Structures are given as structure tokens and as C-alpha cells.
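Numbering (our numbering), first residue to last: 13 to 59.
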């Protein structure tokens, strides 16, 4: 994710750095809601 910051919408690798699976899942769920509500994905923002 660090090498391709404009390609990755969600970094699940944060679990390996100490973020709990529950916190990561909550972030992913929120991101899905945001995208479903019209927020653009990285691919859409960067063409």
C-alpha cells in the first residue's frame, strides 16, 4: 500500500502492524458505505 498509495482503497495490512481485526473490519465497512453513498474510489479519482 505504501508503494502504490493512489491504487489502494483499503489497506488490510494494518492488521499486521497491530490494528485489531475488529477495528479493521469496522473501517472497511465504513469505507464500503462511503463508496456506496457516492465517494469515488482511488481508481476513479486518479483515472
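In this text, a Cβ means the ideal position worked out from N, Cα and C, and glycines have one as well.
Just so we're clear, the structure is a prediction, and the values are computed from it rather than from any experiment.
Checking 7 Å against the spacing of the C-beta atoms, do residue i and residue j come in under that value?
i, j, result
"residue 58", "residue 18", "yes"
"residue 47", "residue 36", "no"
"residue 44", "residue 21", "no"
Would you report the Cα separation of residue i and residue j, rounded to the nearest angstrom?
i, j, result
"residue 41", "residue 29", "19 Å"
"residue 16", "residue 31", "21 Å"
Which two residues bound the contiguous alpha helix (DSSP H) that contains residue i?
i, result
"residue 56", "54-58"
Exercise. Considering only residues of the stretch 18-48, which uninterrupted beta strand (DSSP E) runs meet the minimum length of 3 residues and lie entirely inside it, listed in chain order?
Worked result: Entirely contained in the stretch 18-48, not one beta strand (DSSP E) run reaches 3 residues.
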